[in-house]
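Asks:
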Amino acid sequence: YNYCSCADGYLWKDGACKPKEDYSACKIGALFYSDNTCSDKFESSKTLLGVVIYEKSASQNGWIMTVKPVKTGIAWDTGSYYSTGITDKAVSASCTNTQKLVAKGSRFAAANAANNYKPTGTPSGKKWCLPSYDLLNNLNNSVNFAKVNAGITTAGGKKIGFGTSSSYEYVWSSSEYDYYYAWYFYANTSGSFYMNSYGKNGYTASVRPVLAF
4 YNYCSCADGY LWKDGACKPK EDYSACKIGA LFYSDNTCSD KFESSKTLLG
54 VVIYEKSASQ NGWIMTVKPV KTGIAWDTGS YYSTGITDKA VSASCTNTQK
104 LVAKGSRFAA ANAANNYKPT GTPSGKKWCL PSYDLLNNLN NSVNFAKVNA
154 GITTAGGKKI GFGTSSSYEY VWSSSEYDYY YAWYFYANTS GSFYMNSYGK
204 NGYTASVRPV LAF
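Position 80 of the sequence shown, counted from 1, bears residue number 83 in my numbering, the numbering being contiguous throughout.
1. If we call anything under 9 angstroms between Cβ atoms a contact, is Gly65 one with Tyr36?
2. Report the start-end ranges of each alpha helix (DSSP H) in the region 70-111 that is 4 residues or longer and not cut off at the edges.
3. Are at least three pairs of beta-carbons, each pair with one atom in the region 173-185 and one in the region 73-92, less than 8 angstroms apart?
4. Which of the three DSSP states is assigned to Ile155 in this structure?
5. Quick one: using the 10 Å Cβ neighbour count with 16 as the cut-off for buried, is Ala190 buried or exposed?
6. Quickly, what does DSSP pair Cys41 with across the bridge? List them, please.
7. Which residues does DSSP list as the beta-bridge partners of Glu179?
8. Which two residues bound the contiguous beta strand (DSSP E) that contains Asn199?
9. Which stretch, first to last residue, makes up the beta strand (DSSP E) that contains Tyr57?
10. Just to confirm before moving on: does the CB-CB distance between Pro126 and Pro212 stay below 9 angstroms?
11. Leaving out five residues on either side along the sequence, give the residues of the same chain with a beta carbon under 6 angstroms from the beta carbon of Cys41.
12. Between the Cα of Met68 and those of Ser145, Ala208, Thr192, Gly160, spot the shortest distance and give me the residue it belongs to.
13. Using CA coordinates, which residue listed in Phe111, Pro122, Ala93 is at the minimum distance from Asp137?
14. Could you tell me if Tyr84 is buried or exposed, where buried requires 16 or more neighbouring beta carbons within 10 angstroms of its beta carbon?
15. How many Å lie between Asn140 and Asp11 at the Cα?
16. Applying the criterion that 16 or more other CB atoms from any shown protein chain within 10 Å of the CB defines a buried residue, is Glu172 buried or exposed?
17. With 16 other CB atoms within 10 Å as the buried threshold, where does Tyr57 fall?
18. Please report the distance separating the alpha-carbon of Tyr197 from that of Ala19.
19. Do you know offhand how far Ser95's Cα is from Asp80's?
20. Ala116: which of Cys98, Gly124, Asn199 sits nearest, CA to CA?
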């Protein structure tokens, strides 16, 4: 047979009934589930993947982030200082930057940690990545930051700013700043946040992988 009838909200794709890709509910701060649905509530019957940090459009993928760090106290680069040349800041560069760093070896600890993250429910053929500068910078305003942390709280995760310390958190990006530094997002438990650069070697931060949808 070529196809089967599917229930409302599902369509026949790749030999099975799969949920229709309707991302209208996937606003910043919404919780994203493995069945490609979003909700402002935690649904225990579904597999949670993350919280929406960037909305999907006709020209750009949407992005989700883990609701807690998958690694803390990890360096961007554990080797000696040198410029990788991987400086792309674009939202769409998150995964290309990550793969370029992974290809350079295990010394790029933050990128490898994101690349190795494979939770249950991850869509086939998709990889988790270290967010680019512009993707993290989308959190660098009070409205988006508050929405994302509210979603994380709903999911029972660890709010950004609470990841590596009782009072603050640095979140690595995949975008290099220069020979010595890489970009990161800073937040603290008082609600302050900003983008800045941080020593790639010998300095540690957290890894919160992202996934495109």
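Just so it is clear, CB atoms sit at the ideal spot from N, CA and C, and this is done for glycine as well.
If you're wondering where the values come from, they're calculated on a predicted model, not measured in any experiment.
Replies: Taking the definition as stated:
1. no
2. 97-106
3. yes
4. helix
5. buried
6. Phe35
7. Ala185
8. 196-202
9. 51-57
10. no
11. Ala28, Cys29, Ala33, Phe35
12. Gly160
13. Ala93
14. exposed
15. 38 angstroms
16. buried
17. buried
18. 45 angstroms
19. 22 angstroms
20. Cys98
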